[in-house]
């Protein structure tokens with residue numbers, strides 16, 4: 791079986807929580823970026839719904855992950871995200 795499925799179909803995950811202004815901002819910035827460039831599918835997860843995620847990222851929210859690897863937290867780092875997406 792191929793182990794490079796993630797490389798073929800990257801996925802973004804945004805970890806958020808309710809009533810988080812920075813989370814709303816990052817989500818809006820991702821939507822705006824998606825108008826200009828093609829982004830992988832985005833899954834939004836409430837960090838408080840998973841104790842493991844809450845322990846790992848609780849105070850760093852929002853957190854953007856690309857295939858489970860940290861892209862940025864707090865504010866969207868669009869140049870970093872685009873750089874990571876361009877990697878083969």
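Residue numbers (this note's numbering): 791 to 878. Even for Gly, the Cβ is constructed at its ideal location relative to N, Cα and C. Fair warning: this is a prediction, and the values are worked out from it, not measured in the lab.
- Contact between the region 837-850 and the region 816-828 is absent, with fewer than three C-beta pairs closer than 8 Å.
- Counting only residues of its own chain and dropping the five nearest sequence neighbours on each side, residue 816 has a CB closer than 6 Å to the CB of 852, 866.
- Secondary structure at residue 859: strand, using DSSP grouped into helix, strand and coil.
- In this structure, DSSP gives residue 823 a helical state, which the three-state scheme calls helix.
- The closest CA to that of residue 864, considering only 870, 874, 871, 850, is found on 850.
- The C-alpha of residue 847 lies about 14 Å from the C-alpha of residue 812.
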